[in-house]
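In the working numbering, the protein residues as written are 2 to 250.
One structure below.
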Ligand SMILES: Cc1cc2nc3c(=O)[nH]c(=O)nc-3n(C[C@H](O)[C@H](O)[C@H](O)COP(=O)(O)O)c2cc1C
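Put into structure tokens, the structure is as follows:
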């Protein structure tokens with residue numbers, strides 16, 4: 002089965018090096034418009050897409066050089082303003098609205114990414130945005146929350162496709178299949194091997210830190226508990242400052 006949409010999806014690679022060429026506002030408009038055509042709960046569009054293409058703002062703020070960033074905000078502020086004008090009650094500050102709007106925001110952002118990739122642009126998500134204060138950076142008001150951020154630009158690299166787990170590990174039919182230990186070992190075997198394939202020097206350096214396999218490299222290294230705690234503090238702060246309530250019962 003072949004078609005251009007499938008080709009685009011099956012060839013996705015995150016792009017982290019871009020040329021210095023800008024993306025014109027017309028193109029940014031086309032791809033974000035594609036984002037807004039995504040399904041949205043209740044057709045309420047509980048999100049905003051904030052496009053940042055001012056190079057000074059991007060350079061001050063982001064780790065990579067890119068032509069533009071698109072920030073997808075959970076946004077029930079705009080509908081609050083509308084409800085106020087119409088004397089309609091606002092109760093879209095609760096986990097139900099927050100999570101549905103989070104879903105909306107990410108679907109719209111990913112539609113934008115696919116539209117960008119379909120016309121030859123490159124993109125990479127930057128996960129740390131969910132714990133950052135968007136009030137200062139982009140003037141985001143209450144009842145907004147940074148759900149996701151993607152950097153866009155003209156690719157200056159052509160990385161290989163990164164491997165994925167076998168579909169049988171991820172895709173379940175009819176009921177969730179709880180795997181045996183052997184299945185889990187087999188599914189992660191290729192990833193486990195990446196540790197054994199490191200140079201002796203690199204492995205020795207990791208072992209000195211108490212890291213003896215790829216899983217430990219993940220949970221004790223880049224995604225360790227302290228990093229999770231720090232990010233979680235930022236997320237909870239963002240929720241509180243935005244006025245979303247009811248997450249702890
Ligand atoms: C929610 C999310 C957050 C991510 N955050 C980052 C990030 O902060 N920095 C980065 O370089 N890549 C980030 N990525 C890209 C992933 O590292 C990348 O998708 C993964 O390694 C698979 O590679 P591929 O996209 O080329 O297939 C993120 C991806 C997602 C979906």
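Ideal Cβ positions, reconstructed from N, Cα and C, are used throughout, including at glycine.
Just to confirm, is the Cβ distance from residue i to residue j under 8 Å?
i	j	result
residue 54	residue 68	yes
residue 71	residue 28	no
residue 63	residue 127	yes
residue 114	residue 151	yes
residue 97	residue 77	no
Leaving out the 5 sequence neighbours to the left and right, which residues in its chain are closer than 6 Å to residue i when beta-carbon positions are compared?
i	result
residue 42	101, 105
residue 131	147, 236
residue 15	125
residue 112	35, 36, 39
residue 84	91
So, for residue i: in the same chain, excluding its five sequence neighbours on each side, which residues have a beta-carbon less than 7 Å away from its beta-carbon?
i	result
residue 82	none
residue 73	48, 50, 106, 107, 109, 110, 148, 149
Residue range of the alpha helix (DSSP H) that residue i falls in?
i	result
residue 72	Unbroken run through residue 72 is the beta strand (DSSP E), 69 to 76; no alpha helix (DSSP H).
residue 10	5 to 11
residue 240	226 to 243
residue 30	26 to 37
residue 58	56 to 62
Leaving out five residues on either side along the sequence, give the residues of the same chain with a beta carbon under 8 Å from the beta carbon of residue i.
i	result
residue 214	193, 196
Identify the continuous beta strand (DSSP E) that holds residue i and give its terminal residues.
i	result
residue 151	145 to 154
residue 249	Where residue 249 is concerned, there is no enclosing beta strand (DSSP E), given that its DSSP letter is neither H nor E.
residue 50	48 to 53
What three-state label does DSSP hand residue i in the structure shown?
i	result
residue 19	strand
residue 119	helix
residue 42	helix
residue 89	coil
Determine, using beta carbons only, whether residue i comes closer than 8 Å to chain D.
i	result
residue 2	No chain D appears in this structure, which consists of one protein chain only.
message = Restricting to runs no shorter than 4 residues, where is the alpha helix (DSSP H) found entirely within the stretch 128 to 215?
response = 135 to 139, 168 to 171, 182 to 188, 190 to 197, 201 to 209
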